[in-house]
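Going by our numbering, the first residue of the sequence shown is number 269, and it counts up by one from there.
C-beta atoms are modelled at their ideal positions from N, C-alpha and C, and glycine is treated no differently.
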Amino acid sequence: MGISIVCYWIVVPFPEDANFLTPEEKALLLARLEADGGGVRNDPISFKRVLSMAADWKIWICVLAYIGAEESASSLVAFQPTILKDLGWTARSAQAHGIPIYAVAFVLTLSSAWLSDHLRHRFLFTLFGSVLIIIGWSVQLAHYLPAGVRYMGMFFVASGAFIMMSITVVWLCVNLGKGVKRSVGMGLLPAFGNCGAFVSGNVFITSQSPKYPVGFGVGLGFAVMAGVASTVYYFGLRAENRRRDSQPEKEWTPESAQDLGDAHPDFRFQL
Numbered sequence: 269m270g271i272s273i274v275c276y277w278i279v280v281p282f283p284e285d286a287n288f289l290t291p292e293e294k295a296l297l298l299a300r301l302e303a304d305g306g307g308v309r310n311d312p313i314s315f316k317r318v319l320s321m322a323a324d325w326k327i328w329i330c331v332l333a334y335i336g337a338e339e340s341a342s343s344l345v346a347f348q349p350t351i352l353k354d355l356g357w358t359a360r361s362a363q364a365h366g367i368p369i370y371a372v373a374f375v376l377t378l379s380s381a382w383l384s385d386h387l388r389h390r391f392l393f394t395l396f397g398s399v400l401i402i403i404g405w406s407v408q409l410a411h412y413l414p415a416g417v418r419y420m421g422m423f424f425v426a427s428g429a430f431i432m433m434s435i436t437v438v439w440l441c442v443n444l445g446k447g448v449k450r451s452v453g454m455g456l457l458p459a460f461g462n463c464g465a466f467v468s469g470n471v472f473i474t475s476q477s478p479k480y481p482v483g484f485g486v487g488l489g490f491a492v493m494a495g496v497a498s499t500v501y502y503f504g505l506r507a508e509n510r511r512r513d514s515q516p517e518k519e520w521t522p523e524s525a526q527d528l529g530d531a532h533p534d535f536r537f538q539l
C-alpha cells in the first residue's frame, strides 16, 4: 500500500498528459507510439468492444503456455521439501539449499529477458524454457536416480518455468498493439494463467511420496503443452505477417484505423 501511494507521484503519465514535456516532445512521443503499436481509440470502453478483444486467439494460446509454466513453478513447493529431506538436510539447512534454485532461475530469467528484448525475438526463449522444464520433470520421473541428481532437476524446472512465464507475458503484450486491447489481454493472461496452481495443488498425492508419479507426470505433460502452445503461437504469427506482406497497401482514414491496433495491416507481430 505504501508503494502504491509513492507510485502516484513517480509513475510517468501518457505523453499527452505529461506536463513536464514540451508540445514538440509530446508530438514526437505520440508519433513514435503510433508507429510502434498502431492506432488506438481514446473513447469510453464498451462491453461489446471488450468481448471482441477477449476473443482474440493470441490471448488464449498464451494463456495455455502460461498455465503449463505456472503449474511447474507452483509444483516446486509441493515436492521440494521431500527431495531436500532425502539429501539428509535439516529443516533450516533445507531452506538454505532452496535459495540457489531460485537464484539460478533469477539470473537465467533476467538474462533471457534482456537478450530476447535485444534480439526482438521471443519464440526460441519460450521453447528453451519449456525444454528445461521437460528435462527437469524427466529427471524427477526417473525414480531411482540419486537425490542429488533430482536436486539438480529442480534447477531445470524452476529456471524453465520462470523463463517461460516472463517471456510469454511480454510476447503477448507486444503483439496486442496498445490501449484497451492490451489492458484486456494483460488482465486475462494472469487471471486464467495462474489456474496452473490449482492443478499442482491436487496432483501431488501424499501416499505417493517420494516418487510422486502422478505429480511429475502431470508436470511433464503441462510442460509439453506449454511448448506446443508457444510453437503454435509462433507459426500463427509468422503466417499472419506473411499474409500481410503479400497484401497490397490500402488507404485508411485516421478514424477507421484507430481501433485496429494489432489488426492494422501495417502492424507486424514480433516472433
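Are residue i and residue j closer than 7 Å when you measure CB to CB?
{"i": "residue 393", "j": "residue 539", "result": "no"}
{"i": "residue 281", "j": "residue 294", "result": "no"}
{"i": "residue 372", "j": "residue 427", "result": "yes"}
{"i": "residue 350", "j": "residue 514", "result": "no"}
{"i": "residue 500", "j": "residue 313", "result": "no"}
{"i": "residue 377", "j": "residue 424", "result": "no"}
{"i": "residue 452", "j": "residue 471", "result": "no"}
{"i": "residue 435", "j": "residue 384", "result": "yes"}
{"i": "residue 481", "j": "residue 512", "result": "no"}
Which residue's Cα is closest to the Cα of residue i: the options?
{"i": "residue 449", "options": "426, 348, 315", "result": "315"}
{"i": "residue 323", "options": "484, 279, 444", "result": "444"}
{"i": "residue 404", "options": "436, 343, 455, 453", "result": "343"}
{"i": "residue 589", "options": "501, 441, 366", "result": "Residue 589 is absent from the structure shown; the chain starts at 269 and stops at 539."}
{"i": "residue 467", "options": "279, 339, 287, 286", "result": "339"}
{"i": "residue 399", "options": "412, 489, 475, 298", "result": "489"}
{"i": "residue 475", "options": "438, 383, 327, 347", "result": "347"}
{"i": "residue 454", "options": "321, 516, 285", "result": "321"}
{"i": "residue 366", "options": "416, 410, 395", "result": "416"}
{"i": "residue 550", "options": "271, 325, 341, 317", "result": "In the structure as shown, the chain starts at 269 and stops at 539, and residue 550 therefore has no counterpart that could be examined."}
So, is residue i buried or exposed, given that buried needs 16 or more other C-beta atoms within 10 angstroms?
{"i": "residue 336", "result": "buried"}
{"i": "residue 401", "result": "buried"}
{"i": "residue 473", "result": "exposed"}
{"i": "residue 369", "result": "buried"}
{"i": "residue 418", "result": "buried"}
{"i": "residue 464", "result": "buried"}
Would you grab the beta carbon distance between residue i and residue j for me? Rounded to a whole angstrom, and I think it's under 8 Å.
{"i": "residue 461", "j": "residue 331", "result": "5 Å"}
{"i": "residue 432", "j": "residue 494", "result": "6 Å"}
{"i": "residue 498", "j": "residue 333", "result": "5 Å"}
{"i": "residue 411", "j": "residue 479", "result": "5 Å"}
{"i": "residue 301", "j": "residue 446", "result": "7 Å"}
{"i": "residue 484", "j": "residue 409", "result": "5 Å"}
Any beta carbon of chain B sitting closer than 7 Å to that of residue i?
{"i": "residue 492", "result": "Protein chains in the displayed structure number just one, and chain B is not present."}
Touch check for the segment 356–373 and the segment 501–509: three-plus C-beta pairs under 8 Å? The segment 356–373 is not in contact with the segment 501–509.
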